[in-house]
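The structure appears right after this line, and notes come after that.
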Amino acid sequence: MSTKTPSEADILRPVNNVSKKYFMLFGAAALALGAFLVAWMYQLANGMAVTGLSDWGSGGGVTWGLYIGAFIWWVGIAHGGIILSAAVRLLDMDRYMPVARLAELLTIAGLSAAGFYILVHMGRPDRMVTSVLGHYHITVNNSPLVWDVTVITAYFVLTATYLALTLRYDITRLRDQLPDHFEPFYKVMTLGYTKDEDEVVERMVWWLALAIIIMAPLLLHGGVIPWLFAVLPGMPGWFSAVQGPQFLTIALTSAISGVIIVAAAFRRAYDWDHIMTDDVFRGLLLWLGFFSLLFLWLQLQQNVVGLFKAPVNVGVAQQATLAHPLYQLSMGLVFLTLAFIFAQTIRPSLFSRTRAIVAAFAVLTGTLIEKILFVVEGFFHPTFEIYAATPGEYFPSAIEWLSLVGTTGLVVLIFLVVSKLVPVVELHAVEHLRGDHGHGHDTDESETTKEVKA
Numbered sequence: 044m045s046t047k048t049p050s051e052a053d054i055l056r057p058v059n060n061v062s063k064k065y066f067m068l069f070g071a072a073a074l075a076l077g078a079f080l081v082a083w084m085y086q087l088a089n090g091m092a093v094t095g096l097s098d099w100g101s102g103g104g105v106t107w108g109l110y111i112g113a114f115i116w117w118v119g120i121a122h123g124g125i126i127l128s129a130a131v132r133l134l135d136m137d138r139y140m141p142v143a144r145l146a147e148l149l150t151i152a153g154l155s156a157a158g159f160y161i162l163v164h165m166g167r168p169d170r171m172v173t174s175v176l177g178h179y180h181i182t183v184n185n186s187p188l189v190w191d192v193t194v195i196t197a198y199f200v201l202t203a204t205y206l207a208l209t210l211r212y213d214i215t216r217l218r219d220q221l222p223d224h225f226e227p228f229y230k231v232m233t234l235g236y237t238k239d240e241d242e243v244v245e246r247m248v249w250w251l252a253l254a255i256i257i258m259a260p261l262l263l264h265g266g267v268i269p270w271l272f273a274v275l276p277g278m279p280g281w282f283s284a285v286q287g288p289q290f291l292t293i294a295l296t297s298a299i300s301g302v303i304i305v306a307a308a309f310r311r312a313y314d315w316d317h318i319m320t321d322d323v324f325r326g327l328l329l330w331l332g333f334f335s336l337l338f339l340w341l342q343l344q345q346n347v348v349g350l351f352k353a354p355v356n357v358g359v360a361q362q363a364t365l366a367h368p369l370y371q372l373s374m375g376l377v378f379l380t381l382a383f384i385f386a387q388t389i390r391p392s393l394f395s396r397t398r399a400i401v402a403a404f405a406v407l408t409g410t411l412i413e414k415i416l417f418v419v420e421g422f423f424h425p426t427f428e429i430y431a432a433t434p435g436e437y438f439p440s441a442i443e444w445l446s447l448v449g450t451t452g453l454v455v456l457i458f459l460v461v462s463k464l465v466p467v468v469e470l471h472a473v474e475h476l477r478g479d480h481g482h483g484h485d486t487d488e489s490e491t492t493k494e495v496k497a
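Numbering (the numbering used here), first residue to last: 44 to 497.
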């Protein structure tokens, strides 16, 4: 365990330093995103026929596939990330303060990728204006799809506000150590700032965190997103009250996995072993195990109800899913991860950061496979299978697979760009780790602020 004391210079290292590896990673991510943009232009020119999707029924196959499955996956990562950050603030989980801002940035990046998928899957991006925004006053009352767009937009604004409020404190106190060429950006971010606002902002962030925690099961990945599927009685593979909690557990497992991977990458790149300690990764692994257990338990509930004396349409849909090799693979990945986490709690010597990263990748792979299969199998087995005899199947095209590469590149680019603008670890986290009792360089702290901290 490192004995180094965290400092402002540590968290400013990504902002003030560049390396050959940084440019190589930036180039690879940009190439990945660029390749998908080219493929998307080809799709726009030739239509959705270049994908593996089909006109449901007449052409066999399905109309929703990898695009929608990946959309759900990215939204889950995004929502789970901000829930994690909100819990850190709301429940005083100071142990995870070093990764709180990374979780917030993961939300911004994940929502960006998910929003991109909406445009891609619409076939024609102009339909967002002509069909959704142009008739919003009508569609918002009737379409869960429009509820979805509304909630994602609102959550993006809420998260950006949440992040901006905490950045004002850091930028103000670290301004002399930040690069001068971004001065216009820093001026905008700290517009009208006074030291007297710190106490007010602290309370505002607390209330925002509370709002996020409340909204998560009601409107976000526990509400509106699963309602896209759960309110369709003609689709027995989707129609279920368990979808809300199921989606929420998938969001949290995926987000924690994402935070583990991103935190490990920054720790390795900037020698942050004294900031993002093994203790942080151990704790994240335990939370990953807890939510993986919930995920598997809800899958068990769905299978038992869907297979034991269920109506014919439900039984057919559930049997098809359970027998699918990809479903078995996804459940196996999550189960093996859970088994490892359980084993390393009994025998701590089994823990290593590399194994934690492997576990995180395994869960992300498992949840992605499960969500794509959930979408596809739901279409394949409706209540009235009037097109059952129509030849057709679904397998993602190269363009669809490339969308995963491209959106991953987009997320990586967002982290790389933001890390050159502002610290990705909060100044408060450094102050807590080194035992400071004051705010940054200030020593005259108000009595009210002391009471809030107490």
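The beta-carbon is built from N, C-alpha and C at its ideal position, and this holds for glycine as well. Treat the numbers as computed from the prediction; the structure is a model and nothing was measured.
| DSSP on H178, reduced to helix/strand/coil? | Locating residue 178 in the sequence shown gives position 135, counting from the first residue. The answer is coil: DSSP assigns H178 none of H, G, I, E or B.
| field | Under the three-state DSSP convention, the category R325 falls into | value | Here the question's residue 325 lines up with position 282 in the sequence shown. Three-state result, R325: helix.
| message | For G349 and I115, what's the separation of their Cα atoms in angstroms? | response | For the purposes of this step, residue 349 is identified with residue 306 of the sequence shown, where counting begins at 1. For the purposes of this step, residue 115 is identified with residue 72 of the sequence shown, where counting begins at 1. Looking at the backbone, the Cα of G349 and that of I115 are separated by about 23 Å.
| task | With DSSP collapsed to three states, give me the class of K463. | result | Residue numbering aside, residue 463 sits at position 420 when the sequence shown is read from its first letter. In this structure, K463 counts as coil in the three-state DSSP scheme.
| So what does DSSP say about H482, is it helix, strand or coil? | Looking up residue 482 in the sequence shown gives position 439. With a pLDDT of only 45 at H482, under the threshold of 50, the placement of this residue in the model should not be trusted; the figure read from the coordinates follows. Assignment of H482 by DSSP, reduced to helix, strand and coil, places it in the coil class.
| query | Going by beta carbon distance, what residues of the same chain come within less than 8 Å of V254, once the five residues before and after it are set aside? | reply | Within the sequence shown, numbered from 1, the residue matching residue 254 stands at position 211. Note on residue identity: the sequence assigns Ala, not Val, to residue 254. Hits under 8 Å: L201.
| query | What number of angstroms, rounded off, separates the C-alpha of H317 from the C-alpha of Y65? | reply | To locate residue 317, count along the sequence shown from 1; it is residue 274. To locate residue 65, count along the sequence shown from 1; it is residue 22. If you draw a straight line from the Cα of H317 to the Cα of Y65, it comes to about 22 Å.
| message | Given this structure, state the Cα-to-Cα distance separating L341 from A284, to the nearest angstrom. | response | Sequence index remark: in the sequence shown, residue 341 carries index 298 (1-based). Sequence index remark: in the sequence shown, residue 284 carries index 241 (1-based). Each residue's Cα considered, the two are about 11 Å apart.
| message | Restricting to Cα atoms, I'd like to know which of G301, G70 and G326 is closest to F510. | response | Because the chain is modelled from 44 through 497, residue 510 falls outside the range shown and cannot be assessed.
| Once you ignore the five residues that flank A497 on each side, which residues in its own chain have a CB closer than 6 Å to its CB? | The residue you call residue 497 lines up with position 454 of the sequence shown. Confidence in A497 is poor, its pLDDT being 37 and thus under 50, which makes the residue's placement too unreliable to answer from.
| query | Just checking, does the segment 418–427 make contact with the segment 356–369 on the three C-beta pairs under 8 Å criterion? | reply | They touch, by the three-pair rule.
| task | Examine the Cβ distances between the segment 242–259 and the segment 123–130 and report whether three or more of them are shorter than 8 Å. | result | The segment 242–259 vs the segment 123–130: in contact.
| field | Whole-Å CB distance - G332 paired with I384, under 8 Å assumed | value | Along the sequence shown, read from residue 1 onward, the residue named residue 332 stands at position 289. Along the sequence shown, read from residue 1 onward, the residue named residue 384 stands at position 341. Distance from G332 to I384 at the Cβ level is roughly 3 Å; contact confirmed, criterion being Cβ atoms closer than 8 Å.
| message | A82 and L445 - do their beta-carbons sit closer together than 8 Å? | response | As a working note, residue 445 is residue 402 in the sequence shown. As a working note, residue 82 is residue 39 in the sequence shown. In this structure, L445 sits near A82, with a CB-CB distance shorter than 8 Å.
| task | Would you give the residue range spanned by the alpha helix (DSSP H) that D241 belongs to? | result | In the sequence shown, the residue the question calls residue 241 occupies position 198. Where D241 is concerned, the enclosing alpha helix (DSSP H) stretches over E240 to L261.
| request: Grab me the residues of G266's own chain with a C-beta within less than 7 Å of its C-beta, minus the 5 sequence neighbours each way, in chain order. | output: Within the sequence shown, numbered from 1, the residue matching residue 266 stands at position 223. Beyond the five residues adjoining it in sequence on each side, G266 comes within less than 7 Å, by CB distance, of P260 and G287 in the same chain, given in chain order.
| Using the rule of at least 16 other Cβ atoms within 10 Å of the residue's Cβ for burial, across every protein chain shown, is L234 buried or exposed? | Taking the first residue of the sequence shown as position 1, residue 234 is located at position 191. Exposed is the label assigned to L234, since fewer than 16 other Cβ atoms lie within 10 Å of its Cβ.
| Sequence-distant residues of the same chain with beta carbon closer than 6 Å to L477, five excluded per side | One-based indexing of the sequence shown puts residue 477 at position 434. What sits at residue 477 in the sequence shown is Arg, not Leu. Here the set comprises T48 and P49.
| field | Residues near H264 by beta carbon distance below 6 Å, same chain, minus five either side | value | Working through the sequence shown from its first residue, we reach residue 264 at position 221. G119, H122, F290, L291 and A294, listed in sequence order.
| Status (buried if at least 16 other CB within 10 Å, exposed otherwise) for Y85 | Looking up residue 85 in the sequence shown gives position 42. Answer is exposed; the Cβ neighbour count stays below 16.
| said: Please tell me whether A273 and F324 are closer than 8 Å, where the distance is taken between their beta carbons. | reply: Your numbering for residue 273 matches position 230 in the sequence shown. Your numbering for residue 324 matches position 281 in the sequence shown. For A273 and F324, no; Cβs fall outside 8 Å.
| request: Give a yes or no on whether the C-beta atoms belonging to F159 and T450 are separated by under 8 Å. | output: Along the sequence shown, read from residue 1 onward, the residue named residue 159 stands at position 116. Along the sequence shown, read from residue 1 onward, the residue named residue 450 stands at position 407. Their beta carbons are under 8 Å apart, which means F159 touches T450 by this criterion.
| Near Q362, what residues of its chain come up, given a Cβ to Cβ distance below 7 Å and the 5 sequence neighbours on each side ignored? | Looking up residue 362 in the sequence shown gives position 319. Only residues of its own chain outside the window of five on either side were considered, and among them L350 have a CB closer than 7 Å to the CB of Q362, listed in chain order.
| query | Since L271 and L188 are thought to touch, with beta carbons under 8 Å apart, how far apart are those beta carbons, to the nearest angstrom? | reply | Stepping through the sequence shown from its first residue, residue 271 is reached at position 228. Stepping through the sequence shown from its first residue, residue 188 is reached at position 145. Contact between L271 and L188 holds: their C-beta atoms lie close to 7 Å from each other, under 8 Å.
| Roughly how many angstroms lie between the CA atoms of F334 and T296, to the nearest whole one? | For the purposes of this step, residue 334 is taken as the residue at position 291 of the sequence shown. For the purposes of this step, residue 296 is taken as the residue at position 253 of the sequence shown. The straight-line gap from Cα to Cα measures roughly 6 Å.
| message | If I follow the unbroken alpha helix (DSSP H) through T408, where does it start and stop? | response | Position 365 of the sequence shown, counted from the start, is the residue given in the question as residue 408. Residues R396 to F423.
| A197 to V248, Cα distance in whole Å? | The residue labelled residue 197 in the question sits at position 154 within the sequence shown. The residue labelled residue 248 in the question sits at position 205 within the sequence shown. If I take the Cα positions, the gap works out to 16 Å.
| query | From V461, G112, A72 and G70, pick the residue whose C-alpha is nearest to that of E413; which is it? | reply | Counting from one through the sequence shown, the residue named residue 413 turns up at place 370. Closest option to E413, Cα to Cα, is G112.
| message | Nearest by alpha-carbon distance to Q345: which of L365, L329 and M91 is it? | response | Sequence index remark: in the sequence shown, residue 345 carries index 302 (1-based). Q345 has its Cα closest to that of L365, out of L365, L329 and M91.
| query | Does the beta-carbon of L96 have 16 or more other beta-carbons within 10 angstroms, so that it is buried, or is it exposed? | reply | Counting from one through the sequence shown, the residue named residue 96 turns up at place 53. With 16 or more Cβ atoms within 10 Å of its Cβ, L96 is classed as buried.
| field | Close beta carbons around L379, own chain, < 8 Å, minus the five adjacent residues each side | value | Looking up residue 379 in the sequence shown gives position 336. Non-local C-beta neighbours of L379 in its own chain, meaning closer than 8 Å and more than five positions away in sequence, comprise A405, ordered along the chain.
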